[in-house]
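Data block below; observations after.
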Amino acid sequence: MTTTGTPPRTASAADESIAPIRNVRKYGFGLWLAIAWLILIAFGAILGPMLPLPDPHAQLTGAPFASPSSHHLFGTDLVGHDLFSQVLYGGRVSMIVGATSVVLGLLVGGSLGIIGGYLGGAADAALLWVTDVLLTFPGLVFALALVAFAGPSLGSVLIAIDVLAIPIYARIARATTLTYARQDFVLAAELMGATRTRVMVREIAPNVAVRLLAYAALGASVAILAEGGLAYLGVSVPGSLSWGSMIAQGQSQLQDAPQAAFAPMLAMFLTLLSLTFIGERLGASIDPREANVSG
Amino acid sequence: MRFVLLRLARLATVLLAVTASSFLLLNLIPGDPTVTLLGPAAGDAHAKAELTQQLGLGHSIPVRYVTWLGHAVQGDFGRSYFTQDTVVRSISERLPLTIELMGMAEVIALGVAIPLALIAAARANRWFDKASGAVTLALLGMPPFILGILLIYVFAVHWHLFPSSGQTPWFHIGNGVVATPRSLLLPAITLAGSQLAVFSRVLRADLLQTLRSDFILAARAKGIPTRRIMTHHALRPSLFSVMTLAVLSLGALVGGSVIVENIFALPGMGRLIVTSIFKRDYLIVQASVVLVAVIFVVLTSLLEILYVVVDPRTRRSE
Numbered sequence: 003m004t005t006t007g008t009p010p011r012t013a014s015a016a017d018e019s020i021a022p023i024r025n026v027r028k029y030g031f032g033l034w035l036a037i038a039w040l041i042l043i044a045f046g047a048i049l050g051p052m053l054p055l056p057d058p059h060a061q062l063t064g065a066p067f068a069s070p071s072s073h074h075l076f077g078t079d080l081v082g083h084d085l086f087s088q089v090l091y092g093g094r095v096s097m098i099v100g101a102t103s104v105v106l107g108l109l110v111g112g113s114l115g116i117i118g119g120y121l122g123g124a125a126d127a128a129l130l131w132v133t134d135v136l137l138t139f140p141g142l143v144f145a146l147a148l149v150a151f152a153g154p155s156l157g158s159v160l161i162a163i164d165v166l167a168i169p170i171y172a173r174i175a176r177a178t179t180l181t182y183a184r185q186d187f188v189l190a191a192e193l194m195g196a197t198r199t200r201v202m203v204r205e206i207a208p209n210v211a212v213r214l215l216a217y218a219a220l221g222a223s224v225a226i227l228a229e230g231g232l233a234y235l236g237v238s239v240p241g242s243l244s245w246g247s248m249i250a251q252g253q254s255q256l257q258d259a260p261q262a263a264f265a266p267m268l269a270m271f272l273t274l275l276s277l278t279f280i281g282e283r284l285g286a287s288i289d290p291r292e293a294n295v296s297g
Numbered sequence: 040m041r042f043v044l045l046r047l048a049r050l051a052t053v054l055l056a057v058t059a060s061s062f063l064l065l066n067l068i069p070g071d072p073t074v075t076l077l078g079p080a081a082g083d084a085h086a087k088a089e090l091t092q093q094l095g096l097g098h099s100i101p102v103r104y105v106t107w108l109g110h111a112v113q114g115d116f117g118r119s120y121f122t123q124d125t126v127v128r129s130i131s132e133r134l135p136l137t138i139e140l141m142g143m144a145e146v147i148a149l150g151v152a153i154p155l156a157l158i159a160a161a162r163a164n165r166w167f168d169k170a171s172g173a174v175t176l177a178l179l180g181m182p183p184f185i186l187g188i189l190l191i192y193v194f195a196v197h198w199h200l201f202p203s204s205g206q207t208p209w210f211h212i213g214n215g216v217v218a219t220p221r222s223l224l225l226p227a228i229t230l231a232g233s234q235l236a237v238f239s240r241v242l243r244a245d246l247l248q249t250l251r252s253d254f255i256l257a258a259r260a261k262g263i264p265t266r267r268i269m270t271h272h273a274l275r276p277s278l279f280s281v282m283t284l285a286v287l288s289l290g291a292l293v294g295g296s297v298i299v300e301n302i303f304a305l306p307g308m309g310r311l312i313v314t315s316i317f318k319r320d321y322l323i324v325q326a327s328v329v330l331v332a333v334i335f336v337v338l339t340s341l342l343e344i345l346y347v348v349v350d351p352r353t354r355r356s357e
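Note that the protein sequences, when read in sequence, are chains X and C.
With the numbering used here applied, the first sequence covers 3 to 297.
With the numbering used here applied, the second sequence covers 40 to 357.
In C-alpha cells:
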C-alpha cells in the first residue's frame, strides 16, 4: 500500500498554519508512489499490445487455475486466460473514462459554474436547479438505465458517466466563483471597464481552475468507480475487458482460482487509492483548512 | 405553522419536478419495451401496434406523464409489463429487505465512525489517529464490488462463517421478507465500508475545528477530563457535516445497494431495479426512482428540522 511509505508525521495540530507546505514535502514519498502507479497503469494500457504477452482473449495460454509464476505473473483463470495481460488491457476503459470525465468536467462543468456564479440571476437559478435534480437521483441507476437502454458501447458508457460527473465540477466552480467575485482584483478589473466575459476568463477562471484541478483526481476516481460498477453489473463496453467485468467473472471462481478476482481487484484498489491520495494532498496544499481532513 | 406549510408546498413542487424529469429522462432513452416483450414476433407490425396501444405507449410523453401522475397520486403505479403483478406489489415484496440492509449499513457506519473519530481527534497525530487515517483511506479505495468479494472470500469461502449469497428469512412484513441480521451482516458491512470512511474523516476534521474554540478551552481550564470534553462538549457541535452527509448519501446508498444485492444475490429493490432496467419494464423503474426521490426529499426536509434541534444557533427568528 502506498500509505505505508509515508514518513511519520510529527507536526502537532497547533502548528498547522504552516502544515500545507510541509505536507507536500513530507508526504512526498507516498505521493510519488501514487503517481508512479498511475503512470505504470497508463503505460501498461497504452503499450500493452507491444509487450511480449499472451493475447488477453486467448484461452489456454497455460494450464487453467495456474497460480502466479514467472510465465503468468498473476496466474490464469479457469479457461487459461493470462490474468496479467487481462488486467493490463482492462485498465484501458478505466483510463479513458477517468480522463474524459476530468476533461469534460473541467471544460463544461467549470464554465457553467463560473457563468452561473458570476452572472447570478436566472442563469444561476437554472444551474442550481438542474444540478440539484441530477445530484438527487441515484446516479448509478440512471447510468445503468442509459447504458442498458441505449445499448452498451464505449460512447454510451462515456456519456452516462461524464454527464453525471459534470454537476459536481459545476457546483465546485460556482462556489469558488462566489468567493472570488467580490474580491478587490475582480472589482478593479470591472472598474477599469473589463467586459464580463473578460473578467470571467482572465480574472476568475484561473483561480477556479486551481480548485477544480485539485478535485480532478477525486473526480477521476469517482468516474472509474462508476464504470467499474456498470461493468460489474454487465453493462460496459462489449467485447473489451474491464476490471469490473473481470471481478464479476472472478467471483464465480473464488473457490478454485481466487487470483481471477483478486488481480483486477488489486489493480482497481491501487488505482482508486492513488487517485484519492493525490486528491487529498492537492486539496490540502491549496486549502489549509482541508489539511486536517487527511490523517 | 407557516414554516410547515411552506415546507409542504416546496415538497410538492420538488416532487412534481423530480417525477416529471425522471419520466422524461427514462422515456428519452432509446429502447422499445414491445420489442423485448414480443421477442421474435416483434417483426409483426400489427402485433406490435396492438401492444403499443395496449400499454398506452402510443401517446406523446406529456400525455403519458399526466395519465401516469393522475393514477400515481391515487396509489396506482400500473402493472409490470412482464409479470402482470402490480408495481406496488412488486416493490412492497422487495422493499423491506433493502431498507433493512441500508439501515444496518448506516448503523454500522455511524456506530464505528463516531467513536473512531472521537479517539482519533482526541489524540490527533498520534498512532491511533494515523492508523485510522490509513485504514479509512484504504476503505475509500474499496468500492462494494472489491470489499464485498474480499469479505466473501475471507468469511464465506475460507472460513465458512457467513453465507456467501442469499438470505435467511426471519419474518414477514406484508408480503415482504425481512432477513435475519446474521445473513445480512456481510452485505451490510460491504455497503457501510466507504460511508464509514467518509464519516470518520469528516467528523475528525470537524472535531479538530471545534476543539480550537474558546468554550473547549474553558472546559479544559475547569479541569473536565478529555473523555468527557469529547463526548459532552465537542461532539454535538461537530455533528453538522456528518448529519448532512448521512442524509445526502442516500443516493450513493441506493447505488451501492444495487451493487451489493447483486454481489450477494439478495432479492431486494436493487436487483428489482437492475432486472427491470434490463427488461425495459419502465413502470417499475419509474416507481422505484420516484420512491427514492420522495424518501430523499422527505429526509432532507427532516434534516433541516434536525439542525435546529442539534444546534440552537441555526434557530432564526421568523
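We treat Cβ as the ideally placed atom computed from N, Cα and C, and that holds for glycine.
This structure is a prediction, so every number in the text was calculated from the model and none was measured.
Chain-ordered chain C contacts of residue i [CB-CB under 8 angstroms]
| i | result |
| --- | --- |
| L235 (chain X) | V297, I298, N301, V313 |
| Q253 (chain X) | I188, I191, I302 |
| T278 (chain X) | L176, L179, G180 |
| P260 (chain X) | Y192, V196 |
Proximal residues of chain C, C-beta to C-beta of residue i below 7 angstroms
| i | result |
| --- | --- |
| A150 (chain X) | I316, F317 |
| A147 (chain X) | L65, I68, I316, V324 |
| L142 (chain X) | G294, V297 |
| A263 (chain X) | I188 |
Integer Cβ distance of residue i from residue j, believed to fall under 8 angstroms
| i | j | result |
| --- | --- | --- |
| A244 (chain C) | I255 (chain C) | Not really, about 15 angstroms apart at Cβ, beyond 8 angstroms. |
| S69 (chain X) | Q261 (chain X) | 7 angstroms |
| L136 (chain X) | L114 (chain X) | Contact flag wrong, Cβ pair sits at about 12 angstroms. |
| M282 (chain C) | L345 (chain C) | 6 angstroms |
| V149 (chain X) | V99 (chain X) | With 8 angstroms as the limit, V149 (chain X) and V99 (chain X) do not qualify as a contact, their Cβ atoms being about 12 angstroms apart. |
| V239 (chain X) | P154 (chain X) | 7 angstroms |
| V201 (chain X) | V188 (chain X) | 6 angstroms |
| L54 (chain C) | V336 (chain C) | 6 angstroms |
Beta-carbon proximity check, residue i vs residue j, cutoff 7 angstroms
| i | j | result |
| --- | --- | --- |
| T175 (chain C) | R240 (chain C) | yes |
| Q255 (chain X) | L80 (chain X) | yes |
| V210 (chain X) | T179 (chain X) | yes |
| G82 (chain X) | P66 (chain X) | yes |
| V102 (chain C) | A326 (chain C) | no |
| L244 (chain X) | A233 (chain X) | A small fix is needed here, since residue 244 (chain X) is Ser in this sequence, not Leu. Yes. Within cutoff. |
| L181 (chain C) | G232 (chain C) | Note on residue identity: the sequence assigns Met, not Leu, to residue 181 (chain C). Against a cut-off of 7 angstroms, the Cβ pair of G232 (chain C) and M181 (chain C) comes out as a contact. |
| T133 (chain X) | A172 (chain X) | yes |
| P140 (chain X) | V216 (chain C) | no |
| L142 (chain X) | G231 (chain X) | yes |
| A265 (chain X) | Q253 (chain X) | no |
| I116 (chain X) | A175 (chain X) | yes |
| A177 (chain C) | T265 (chain C) | no |
| S11 (chain C) | A163 (chain C) | What the structure shows of chain C is the stretch from 40 to 357, and residue 11 (chain C) is not part of that stretch, so it cannot be assessed. |
| T249 (chain C) | P220 (chain C) | no |
| P183 (chain C) | I298 (chain C) | yes |
Contact list for residue i against chain X, beta-carbon separation under 9 angstroms
| i | result |
| --- | --- |
| M143 (chain C) | Result: empty, since nearest Cβ-Cβ is about 19 angstroms, beyond 9 angstroms. |
| V146 (chain C) | Going along chain X, no residue has its Cβ under 9 angstroms from V146 (chain C), so there is no contact; the nearest lies around 21 angstroms. |
Interface residues of chain X facing residue i [CB-CB closer than 8 angstroms]
| i | result |
| --- | --- |
| I185 (chain C) | I249, M267, M270, F271 |
Chain-ordered chain X contacts of residue i [CB-CB under 7 angstroms]
| i | result |
| --- | --- |
| V196 (chain C) | L256, Q257 |
| V331 (chain C) | P140 |
| V127 (chain C) | Within 7 angstroms Cβ-Cβ: nothing; V127 (chain C) doesn't reach chain X, min ~19 angstroms. |
| V281 (chain C) | Here the premise fails: no neighbours, minimum Cβ distance about 13 angstroms. |
Within chain C, partners of residue i - CB distance below 9 angstroms
| i | result |
| --- | --- |
| A36 (chain X) | Here the premise fails: no neighbours, minimum Cβ distance about 11 angstroms. |
Please list, in chain order, the residues of the segment 222 to 251 of chain X that have any C-beta partner in chain C closer than 7 angstroms. Residues passing the 7 angstroms Cβ filter: L227, G230, G231, Y234, L235, G246, I249.
If contact is defined by three or more beta carbon pairs under 8 angstroms, each pair taking one atom from either stretch, is the segment 112 to 119 of chain C in contact with the segment 314 to 331 of chain C? yes
For the segment 82 to 101 of chain X and the segment 47 to 60 of chain X, state whether three or more C-beta atom pairs, one from each stretch, are separated by less than 8 angstroms. yes
Do the segment 175 to 194 of chain C and the segment 298 to 308 of chain C make contact, defined as three or more Cβ pairs closer than 8 angstroms? yes
Can you find at least 3 beta carbon pairs, one from the segment 35 to 49 of chain X and one from the segment 276 to 289 of chain X, that sit closer than 8 angstroms? yes
Contact set between the segment 48 to 76 of chain X and chain C, restricted to residues whose Cβ is under 9 angstroms from the partner: none
The segment 206 to 225 of chain X / the segment 158 to 177 of chain X touching (three or more Cβ pairs under 8 angstroms): Between the segment 206 to 225 of chain X and the segment 158 to 177 of chain X, the count of C-beta pairs closer than 8 angstroms reaches three or more; the two stretches touch.
Between the segment 280 to 288 of chain C and the segment 203 to 210 of chain C, do at least 3 Cβ pairs fall closer than 8 angstroms? No, the segment 280 to 288 of chain C is not in contact with the segment 203 to 210 of chain C.
With three or more C-beta pairs closer than 8 angstroms as the rule, is the segment 153 to 162 of chain C touching the segment 210 to 224 of chain C? The way I'd put it, the segment 210 to 224 of chain C doesn't touch the segment 153 to 162 of chain C; fewer than three beta-carbon pairs between them come closer than 8 angstroms.
So if I threshold CB-CB distances at 8 angstroms, which residues from the segment 231 to 249 of chain C count as touching chain X? R240, V241, R243, A244, L247, Q248
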